[in-house]
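Read through the structure below, which is laid out as structure tokens, and then see the notes.
Protein chains: 2
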Amino acid sequence: MAHPLLQLTADLIDIPSVSFEEGPIADWFEAELRSIEALDVIRVGDNIVARTDLGRPHRLAIGGHLDTVPVNDNATARIEGDTLHGLGAADMKGGLAVMLALARTVADPAIDVTYVFYAREEVSLEHNGLRELFDSVPDLLQADAAILGEPTDGVVEAGCQGTMRIAVTLKGARAHTARPWMGRNAIHRLGNLLDALETIEHRTPTIDSCTYREAMQAVWVEGGVAGNVVPDAATLTVNHRFAPDRTPAEAEAYVRGILAPYLEPGDEVELTDMSPPARPDLRHPMMAAFIGRNDLEVRAKLGWTDVAFFSEQGIPAVNFGPGDALLAHTRDEKLELEPLLRTYAALEALLRTGV
Amino acid sequence: MAHPLLQLTADLIDIPSVSFEEGPIADWFEAELRSIEALDVIRVGDNIVARTDLGRPHRLAIGGHLDTVPVNDNATARIEGDTLHGLGAADMKGGLAVMLALARTVADPAIDVTYVFYAREEVSLEHNGLRELFDSVPDLLQADAAILGEPTDGVVEAGCQGTMRIAVTLKGARAHTARPWMGRNAIHRLGNLLDALETIEHRTPTIDSCTYREAMQAVWVEGGVAGNVVPDAATLTVNHRFAPDRTPAEAEAYVRGILAPYLEPGDEVELTDMSPPARPDLRHPMMAAFIGRNDLEVRAKLGWTDVAFFSEQGIPAVNFGPGDALLAHTRDEKLELEPLLRTYAALEALLRTGV
């Protein structure tokens, strides 16, 4: 017999929930949560908020997304000993199972708890269910701190770096390629800019004892007119990841400064998207107690995650969940029992003991 | 009243003949040429070959394409004084008019003449009507020398440079852009290669007193996986124009040598097309007499033209026609009477006088 928490995760895997198709799993969670007397349950679209209202001095939000990436020959859960295989095992049906088990088990927590289950995290930000909730029922998400159950293998990943994309279009002048001196090759102009991107020394600022590591990478390049024409435009899209000691405006100015030496009149630079960073904010008493009591490892979150939605509202937030992030989105996604139990135990202690 | 040669060119403009729609103009030429007693006329598809068979010691091929690029608000001929406006005025209904006038007027030439009117020059090489003729009736195209009536403004453009395209795919390794050190950015790798392309010192070899000028230009670039992924491949297509003192194989080896320092195991280099060059070959007695008698200016042809089809068969060939090549394919395409008459006079003298 599998451990009940591993079995619950397997049951959740067996409810298909690829992004935009979260209806059935949202129905399932809604019914489960409504059956728990201590919780007020509100559904908005395919997102569900379930709250205790015990008048405790502190409130913790615990959240996770219901959706998975597309099926990759791994739709059905399979348990082998203490290992669970299947789509979403790591990202993040294990985290959802922990949340639901906490809601069922800890009926009288020492802190008020807001469980947040939401849709469409694995697709573009505009569709994100947590954004939908912050837009429609922001009051229901207010809390002193938040924990998202993304796979961190039971390590606290604090804050997150911001991410932005800038598209740079270098211009040239068309000419026949048999007489290129009559024109100017915009693709050739990319050379110096690419060299610069490759050789930047990136910052590694430490904030609240978390060391971030910035990065800047070309992610798209395109250019060309015809096989016999000197191209008059080439576009490079650059993705910059920036630490939470910089605002989005500061980060944008930094990138524009990197690009500036390679630009000429007529070239175009366009910010195509911007997701703000989140500061680690580990000094909140609830977070400090949680980390200290369980002697949890803490590290900086380099990627962007939904903790930024909470951070934007001034709510300190961390990622903390079972599962190995490196297995997320892979065909061989799997989850071990040990980190599942360890994660559950740490959160249960927080709920039972409080600050 | 317009000069008859200008009027004939105008009449040819008024027969629409965009590439792949040459049927009506081929019908028209076929009928005109069949009415000339001295000519044997053969039609292959929309291509026409019309030959004298007078037993002369030398034979000259004079060729031109029947098609035009697409209409650009310039479908109808318009004569203003000595200027003719309209689609194909320069490229190359003026040349066709010269050829037809020669066929009508010089009934008893001192050299045998093969007139070649062919379809689909303004599209990709595989469709070229001259290629179709060389494939299907090569014997009919045999000659001691060839002149193509492409617009050169009455200058002899000798031979042509070869042109080839090579696609280079540099590889990398995917990673999340928040952790780029886990991967390798294939787009960044383009930087050094582009710098090299921009700074090559190209050869300018002189052959038969014609100075060629080689060139190498990136014409397409593409790469990218997703906005948050370090790209694992980037493809650059390079167009090389090479002088006729090199064979295609030598030119390809040269390009591969330029690329080699920037390649690593796993990268891919593919020759995607190759059009061989043509040597100027101006020492043939008929060409020498033609150029010397009319004191014609001679220059190297830097682009690729259909003269290479003749050159491949060992037939020296040049471009020589009325019209300004810079106006070809433009909406404001036009032709002046003076170069039309000058071109006609030089060719008429060659036909009447021979070597």
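First to last, the sequence lines map onto chains A and B.
Residue numbers for the first sequence follow our numbering, so the first one is 1 and each next one is one higher.
Residue numbers for the second sequence follow our numbering, so the first one is 356 and each next one is one higher.
The beta-carbon is built from N, C-alpha and C at its ideal position, and this holds for glycine as well.
None of the values given here were measured: they were computed from a predicted structure.
| Asked | Found |
| --- | --- |
| Cβ pair Arg-406 of chain B, Thr-469 of chain B closer than 7 Å | yes |
| Buried versus exposed, by CB contacts within 10 Å (16 or more), Asp-366 of chain B | exposed |
| Reference Ala-381 of chain B; option with closest CA among B:Gly-436, B:Asp-408 and B:Ala-474 | B:Ala-474 |
| Residue-level contact to chain C via CB, Asn-239 of chain A, 7 Å cutoff | The structure shown contains no chain C; its protein chains are A and B. |
| is_contact[Pro-285 of chain A, chain B] using C-beta, thresh 7 Å | no |
| Length-filtered (3 minimum) beta strand (DSSP E) runs lying within the stretch 84–122 of chain A | 112–118 |
| Start-to-end residues for the alpha helix (DSSP H) that takes in Asn-547 of chain B | 541–554 |
| Short Cβ contact (7 Å threshold) for Ile-562 of chain B with Pro-631 of chain B | no |
| Chain-order list of residues whose beta-carbon lies under 8 Å from that of Glu-607 of chain B (same chain, five-residue window excluded) | Met-519, Ile-521, Leu-626 and Met-629 |
| Nearest candidate by alpha-carbon position, reference Thr-460 of chain B, set B:Ile-397, B:Gly-582 and B:Glu-387 | B:Glu-387 |
| When A:Ile-42, A:Asp-144, A:Phe-117 and A:Ile-48 are compared against Phe-310 of chain A, the one with the closest alpha-carbon | A:Asp-144 |
| Val-155 of chain A and Glu-297 of chain A closer than 7 Å at C-beta | yes |
| Residue-chain proximity (Glu-577 of chain B, chain A), Cβ-Cβ < 7 Å | yes |
| Classification of Gln-161 of chain A by the beta-carbon crowding that lies within 10 angstroms, buried from 16 upward | buried |
| Stretch-stretch touch, CB-based, cutoff 8 Å, three pairs: the stretch 476–487 of chain B with the stretch 656–672 of chain B | yes |
| Residues bridged to Lys-171 of chain A (per DSSP) | A:Ala-233 |
| Between the CA atoms of Gly-321 of chain A and Gly-95 of chain A - distance to the nearest angstrom | 6 Å |
| Candidates A:Glu-30, A:Glu-333 and A:Ala-349, of which the one nearest Thr-83 of chain A by Cα | A:Glu-333 |
| Proximal chain B residues relative to Asp-177 of chain A, where beta-carbon distance stays under 8 Å | Looking at the sequence shown, residue 177 of chain A is not Asp but Thr. Within 8 Å Cβ-Cβ: Thr-518, Ala-570, Gln-572, Val-574, Asn-594 and Arg-596. |
| Rounded distance between the beta-carbons of Ala-75 of chain A and Val-116 of chain A, thought under 8 Å | Going by Cβ atoms, the distance from Val-116 of chain A to Ala-75 of chain A rounds to 26 Å, so no, they are not a contact pair. |
| Exposure of Pro-379 of chain B, with buried meaning 16 or more beta-carbon neighbours within 10 Å | exposed |
| Which listed residue (A:Asp-73, A:Leu-282 and A:Trp-220) has its alpha carbon closest to that of Ala-234 of chain A | A:Trp-220 |
| In DSSP terms, what Leu-626 of chain B is bridged to | B:Ile-521 |
| Outcome for Asp-428 of chain B when other beta-carbon atoms lying within 10 angstroms are tallied against a minimum of 16 | exposed |
| Option nearest Phe-29 of chain A by Cα separation, candidates A:Val-18, A:Arg-299, A:Ala-38 and A:Asn-47 | A:Asn-47 |
| Members of the stretch 655–678 of chain B that neighbour chain A once the beta carbon cut-off is set at 9 Å | Lys-656, Leu-657, Gly-658 and Trp-659 |
| CB contact flag (Pro-265 of chain A, Val-230 of chain A, <7 Å) | no |
| Bounding residues of the alpha helix (DSSP H) (the contiguous stretch that carries Met-333 of chain B) | Since the first and last residues shown for chain B are 356 and 710, residue 333 of chain B lies out of range. |
| Contact set for Ala-530 of chain B: own chain, Cβ-Cβ below 6 Å, skip 5 residues either direction | Met-537, Gly-538 and Val-585 |
| Length of the line joining the Cα atoms of Met-286 of chain A and Ala-146 of chain A | 10 Å |
| Local Cβ density within 10 Å of Gln-572 of chain B, reported as buried at 16 or more and exposed below that | buried |
| Three-state secondary structure (DSSP) of Glu-150 of chain A | coil |
| Neighbourhood of Asn-594 of chain B by C-beta, 6 Å cutoff - its chain only, sequence neighbours within 5 removed | Arg-520, Gln-572 and Val-574 |
| Chain-ordered residues of the stretch 621–652 of chain B with a beta carbon less than 9 Å from chain A | Thr-627 and Asp-628 |
| Enclosing beta strand (DSSP E) for Ile-62 of chain A [first to last residue] | 59–65 |
| Residues near His-284 of chain A by beta carbon distance below 8 Å, same chain, minus five either side | Asp-144, Ala-145 and Pro-316 |
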